[in-house]
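Student: Sharing a structure, written as structure tokens. Questions coming.
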Amino acid sequence: MSALTCAARLGSRYGGSVRIQLVRRMFNPFQKVQARSRKKARNATATAFGQMVGVMLPKPAKAKARPKPTSKGAGQALSRIKVHKTLTVKPAAKAKPVTATARAQMSIPRGATFRSLTHDSPFGSLDYKLYLPASATSAERPLPLLVMLHGCGQTPDDFATGTRMNALAEELGVIVVYPAQNRQAQKNRCWNWYRRGDQSRVAGEPALLADLTRMVLSTTPVDPARVYVAGLSAGASMALILAAAYPDIFAAVGAHSGLAVGSAHDASTAMIAMKHGAPGSRSPAPIPTINFHGENDKVVHVRNGRYVAARAADAYPDLVGIERKGRTPDGHTFVRQSLRKGKGKSFTEFWSIQGAGHAWSGGSPAGRFTDPAGPDASREMLRFMLQHRTTMKQRKDAAFATAT
Numbered sequence: 001m002s003a004l005t006c007a008a009r010l011g012s013r014y015g016g017s018v019r020i021q022l023v024r025r026m027f028n029p030f031q032k033v034q035a036r037s038r039k040k041a042r043n044a045t046a047t048a049f050g051q052m053v054g055v056m057l058p059k060p061a062k063a064k065a066r067p068k069p070t071s072k073g074a075g076q077a078l079s080r081i082k083v084h085k086t087l088t089v090k091p092a093a094k095a096k097p098v099t100a101t102a103r104a105q106m107s108i109p110r111g112a113t114f115r116s117l118t119h120d121s122p123f124g125s126l127d128y129k130l131y132l133p134a135s136a137t138s139a140e141r142p143l144p145l146l147v148m149l150h151g152c153g154q155t156p157d158d159f160a161t162g163t164r165m166n167a168l169a170e171e172l173g174v175i176v177v178y179p180a181q182n183r184q185a186q187k188n189r190c191w192n193w194y195r196r197g198d199q200s201r202v203a204g205e206p207a208l209l210a211d212l213t214r215m216v217l218s219t220t221p222v223d224p225a226r227v228y229v230a231g232l233s234a235g236a237s238m239a240l241i242l243a244a245a246y247p248d249i250f251a252a253v254g255a256h257s258g259l260a261v262g263s264a265h266d267a268s269t270a271m272i273a274m275k276h277g278a279p280g281s282r283s284p285a286p287i288p289t290i291n292f293h294g295e296n297d298k299v300v301h302v303r304n305g306r307y308v309a310a311r312a313a314d315a316y317p318d319l320v321g322i323e324r325k326g327r328t329p330d331g332h333t334f335v336r337q338s339l340r341k342g343k344g345k346s347f348t349e350f351w352s353i354q355g356a357g358h359a360w361s362g363g364s365p366a367g368r369f370t371d372p373a374g375p376d377a378s379r380e381m382l383r384f385m386l387q388h389r390t391t392m393k394q395r396k397d398a399a400f401a402t403a404t
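Under full-length UniProt numbering, the sequence shown is numbered contiguously, ending at residue 404.
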């Protein structure tokens with residue numbers, strides 16, 4: 001019996017629609033090839049996403065590198081820059097390498113605490129570390145709060161050690177919270193800055209992080225006018241999202257080696273943005289922003305740092321631009337571009353660091369993904385942030401603007 005005769009009999013027995021399906025299956029010589037192609041496409045997508053996540057993992061940078069010529073910033077907003085005298089910035093003090101969690105616990109002074117805690121909210125559960133300086137128990141007025149978001153592959157302990165932020169918090173009287181991304185949310189502990197569901201107010205990770213911040217505000221002696229957020233790499237990208245989504249909470253943001261808000265919406269666009277740069281979108285409210293980026297960053301292209309600076313500058317079209325060049329002793333040269341009111345405080349700062357890669361500038365060698373040869377990003381971030389505060393009216397207006 002021929003195949004066509006068999007198909008005809010089957011069709012008369014089971015009906016026309018079944019007949020068509022059977023004939024298609026019996027006489028499609030490319031069926032197996034097509035199935036293999038579909039499977040290969042699915043595997044390629046998964047592999048590409050894995051590569052994107054893997055490349056987001058920060059790599060240690062060399063302490064010294066040959067400087068390259070300064071590159072121009074992005075956008076018309078940065079064209080207002082005037083060059084001023086050269087700065088000399090001292091590098092952060094060197095520290096001896098230690099291991100694991102003990103690195104973050106070893107320097108806690110008497111009266112201070114650095115505790116591991118968990119926050120449960122309608123948006124999910126989040127582990128975090130909370131640093132309370134010794135002054136928190138006896139301060140005459142509420143203290144500033146800084147939310148620190150680690151990079152891919154990092155932990156709160158490692159991030160605290162590498163940035164030396166606890167030591168500065170003790171010196172300046174700042175409460176610091178270090179949220180910890182978990183492997184259930186992202187297997188490499190990256191914050192999901194590139195997913196649409198994690199890029200806006202009252203949804204996803206921004207909502208969870210904002211809820212954690214509000215909880216710390218309500219349970220510790222924090223000044224609601226002086227709440228800040230900062231991060232590295234994926235943490236920097238999420239910090240920028242968080243500040244843009246909740247200007248009623250955060251008075252300023254610090255980003256190191258991050259990408260602009262709206263620069264990606266899935267894994268594929270994230271890879272493109274990281275490699276080539278993406279301008280992102282305008283913030284609904286002006287947010288004072290300090291931004292660091294290494295000119296030799298091979299993970300997140302320095303063009304992204306320029307876009308972050310340009311987006312921040314868009315909100316301050318009438319400010320005066322100032323550019324200053326400097327070098328850390330025996331370390332990297334850098335260019336600092338800022339926008340400020342006359343000789344007053346700056347509202348945006350962009351530090352481009354020659355010879356630096358994808359690592360926290362001026363960080364401790366006791367932590368991972370740091371570059372001790374650069375300017376002290378931790379101290380400069382706190383110096384910038386502590387100049388800015390919000391009023392109750394600003395917080396109410398910002399909450400209304402971002403909710404509508």
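Beta carbons: idealized from backbone N, C-alpha and C, even for Gly.
Can the beta-carbon of Ser257 be found less than 7 Å from the beta-carbon of Ser281?
Tutor: If you number the sequence shown from 1, residue 257 lands on position 257. If you number the sequence shown from 1, residue 281 lands on position 281. Result no, Cβ atoms of Ser257 and Ser281 do not sit closer than 7 Å.
Student: Rounded to whole angstroms, what's the CA-CA distance from Gly367 to Ser268? Just pull it up for me.
Tutor: Against the sequence shown, residue 367 aligns to sequence position 367. Against the sequence shown, residue 268 aligns to sequence position 268. Cα to Cα, the separation comes out at about 30 Å.
Student: Could you give the DSSP three-state label for Gln199: helix, strand or coil?
Tutor: By 1-based counting over the sequence shown, the position of residue 199 is 199. Coil, per DSSP.
Student: Report the three-state DSSP secondary structure of Gln186 (helix, strand or coil).
Tutor: Taking the sequence shown and counting its residues from 1, the one referred to as residue 186 is at position 186. Three-state DSSP puts Gln186 in coil, outside helix and strand.
Student: Would you report the Cα separation of Gly262 and Leu240, rounded to the nearest angstrom?
Tutor: Translated into positions along the sequence shown, residue 262 becomes position 262. Translated into positions along the sequence shown, residue 240 becomes position 240. Taking the straight line joining both Cα atoms gives about 10 Å.
Student: Can you tell me the Cα-Cα spacing of Cys152 and Thr163, whole angstroms?
Tutor: On the sequence shown, position 152 is the one that residue 152 refers to. On the sequence shown, position 163 is the one that residue 163 refers to. Distance between the alpha carbons of Cys152 and Thr163: 15 Å.
Student: I want to know whether the segment 310–321 touches the segment 341–360 - three or more CB-CB distances under 8 Å.
Tutor: Yes, since at least three Cβ pairs between the segment 310–321 and the segment 341–360 fall closer than 8 Å, the two stretches touch.
Student: Sort Arg327, Met392, His388 by Cα distance to Gly362 and report the nearest one.
Tutor: Indexing the sequence shown from 1 puts residue 362 at position 362. Cα-wise, what sits closest to Gly362 is Arg327.
Student: Using the C-alpha atoms, what's the distance from Gly235 back to Thr289?
Tutor: Position 289 of the sequence shown, counting from 1, holds the residue named residue 289. Position 235 of the sequence shown, counting from 1, holds the residue named residue 235. Straight-line Cα distance between these residues: approximately 15 Å.
Student: According to the neighbour-count rule (16 or more other Cβ atoms, all chains shown, within 10 Å of its Cβ), is Gln354 buried or exposed?
Tutor: Walking along the sequence shown from the start, residue 354 turns up at place 354. Gln354 comes out buried.
Student: What are the boundary residues of the alpha helix (DSSP H) that includes Ser352?
Tutor: Taking the sequence shown and counting its residues from 1, one reaches residue 352 at position 352. Element bounds for Ser352: not the alpha helix (DSSP H) but the beta strand (DSSP E), 346–353.
Student: When DSSP labels each residue in this structure, what does Pro142 get in the three-state scheme?
Tutor: Here residue 142 is taken as the residue at index 142 of the sequence shown, counted from 1. Correct three-state label for Pro142: coil.
Student: Rounded to the nearest angstrom, how far is the Cβ of Gly357 from that of Leu339, given a contact under 8 Å?
Tutor: Translated into positions along the sequence shown, residue 357 becomes position 357. Translated into positions along the sequence shown, residue 339 becomes position 339. That belief does not hold up - the Cβ atoms of Gly357 and Leu339 are roughly 27 Å apart, past 8 Å.
Student: Excluding sequence positions up to five away, which residues of its chain have a Cβ less than 6 Å from the Cβ of Met274?
Tutor: The sequence position of residue 274 within the sequence shown is 274, counting from 1. Correct list, in chain order: Val300.
Student: Do the CB positions of Arg395 and Asp198 come within less than 7 Å of each other?
Tutor: For the purposes of this step, residue 395 is identified with residue 395 of the sequence shown, where counting begins at 1. For the purposes of this step, residue 198 is identified with residue 198 of the sequence shown, where counting begins at 1. No, Cβ-Cβ distance for Arg395 and Asp198 is not below 7 Å.
Student: With DSSP run on the structure shown, which of helix, strand or coil describes Leu319?
Tutor: In the sequence shown, counting from the first residue as 1, residue 319 sits at position 319. If DSSP states are grouped into helix, strand and coil, Leu319 belongs with coil.
Student: Assuming Val229 and Val253 form a contact by the criterion Cβ under 8 Å, report the distance between their Cβ atoms to the nearest whole angstrom.
Tutor: Taking the first residue of the sequence shown as position 1, residue 229 is located at position 229. Taking the first residue of the sequence shown as position 1, residue 253 is located at position 253. Indeed they touch by this definition, with Cβ atoms about 5 Å apart.
Student: Would you kindly check if the distance between the Cβ of Arg226 and the Cβ of Pro144 is under 7 Å?
Tutor: To locate residue 144, count along the sequence shown from 1; it is residue 144. To locate residue 226, count along the sequence shown from 1; it is residue 226. Against a cut-off of 7 Å, the Cβ pair of Arg226 and Pro144 comes out as a contact.
Student: I'd like to confirm the pairing. Which residues does DSSP put opposite Gly258 in its beta bridges?
Tutor: Along the sequence shown, read from residue 1 onward, the residue named residue 258 stands at position 258. Per DSSP, none; premise fails for Gly258.
Student: Taking C-alpha atoms, which residue in Pro284, His332, Lys325 lies nearest to Arg311?
Tutor: The count along the sequence shown starts at 1 and reaches residue 311 at position 311. It is Pro284 whose Cα lies nearest to the Cα of Arg311.
Student: As a quick exercise: from Ser364, Asp330, Gly305, pick the residue whose alpha carbon is nearest that of Gln337.
Tutor: Reading the sequence shown from its first residue, position 337 is the one you call residue 337. Out of Ser364, Asp330, Gly305, Gly305 has the C-alpha closest to the C-alpha of Gln337.
Student: Got a sec, what are the start and stop residues for the alpha helix (DSSP H) Leu232 sits in?
Tutor: Locating residue 232 in the sequence shown gives position 232, where the first residue counts as 1. Element bounds for Leu232: not the alpha helix (DSSP H) but the beta strand (DSSP E), 222–232.
Student: Leaving out five residues before and five after Val176 in sequence, what residues of the same chain have Cβ atoms less than 7 Å from its Cβ?
Tutor: On the sequence shown, residue 176 is found 176 positions in, with the first residue counted as 1. Contacts found: Tyr131, Leu146, Met148, Met165, Asn166, Ala169.
Student: Starting from Tyr131, trace the beta strand (DSSP E) both ways and give me its first and last residue.
Tutor: Residue 131 sits at position 131 when you count from the first residue of the sequence shown. From DSSP, the beta strand (DSSP E) with Tyr131 extends over 124–132.
Student: On a CA-only basis, which of Ala251, Met238, Glu140, Leu259 is nearest Pro221? Give me that one, please.
Tutor: Along the sequence shown, read from residue 1 onward, the residue named residue 221 stands at position 221. Per the Cα distances, Glu140.
Student: In chain order, what residues of the same chain lie with their CB nearer than 6 Å to the CB of Phe292, ignoring the 5 residues before and after it?
Tutor: Taking the first residue of the sequence shown as position 1, residue 292 is located at position 292. So the qualifying residues of the chain are His256, Trp351, Ser361, Ala377.
Student: So, helix, strand or coil for Val55, using DSSP?
Tutor: Taking the first residue of the sequence shown as position 1, residue 55 is located at position 55. With a pLDDT of only 48 at Val55, under the threshold of 50, the placement of this residue in the model should not be trusted; the figure read from the coordinates follows. Note: Val55 maps to helix in three-state DSSP.
Student: For Asp297, collect the residues of the same chain with a Cβ closer than 7 Å to its Cβ; drop the 5 residues on either side in sequence, then sort them by chain order.
Tutor: Numbered from 1 along the sequence shown, position 297 holds the residue referred to as residue 297. Cβ within range, chain order: Ser257, Gly357, His358.
Student: Give me the residue from Asp211, His276, Leu382 with the minimum Cα distance to Asp120.
Tutor: For this step, residue 120 is matched to residue 120 along the sequence shown. With distances taken between Cα atoms, Asp120 lies closest to Asp211.
Student: For Asn291, write down the residues that DSSP places opposite it in a beta bridge.
Tutor: The residue given as residue 291 occupies position 291 in the sequence shown. In DSSP, Asn291 forms a bridge with Ala255, Phe350.
Student: In three-state terms, what does DSSP make of Lys325?
Tutor: Taking the sequence shown and counting its residues from 1, the one referred to as residue 325 is at position 325. Lys325: strand per DSSP, three-state reduction.
Student: Can you check DSSP and say which residues form a bridge with Ile175?
Tutor: By one-based count along the sequence shown, residue 175 stands at place 175. Note: Ile175 sits in a beta bridge opposite Leu145.
Student: Identify the continuous alpha helix (DSSP H) that holds Ser263 and give its terminal residues.
Tutor: In the sequence shown, residue 263 corresponds to position 263, counting from 1. Segment: none, Ser263 is in no alpha helix (DSSP H) and carries neither H nor E.
Student: Please report how far the alpha carbon of Ala251 lies from the alpha carbon of Gly331, in whole angstroms.
Tutor: Position 251 of the sequence shown, counted from the first residue, corresponds to residue 251. Position 331 of the sequence shown, counted from the first residue, corresponds to residue 331. Taking the straight line from one Cα to the other gives about 32 Å.
Student: Based on the DSSP secondary-structure assignment, which residues constitute the bridge partners of Trp360?
Tutor: Counting from 1 along the sequence shown, the entry for residue 360 is found at position 360. DSSP lists Thr370 as partners of Trp360.
Student: Could you tell me whether the Cβ atoms of Pro142 and Asp223 are closer together than 7 Å?
Tutor: By 1-based counting over the sequence shown, the position of residue 142 is 142. By 1-based counting over the sequence shown, the position of residue 223 is 223. Taking 7 Å as the Cβ cut-off, Pro142 and Asp223 qualify as a contacting pair.
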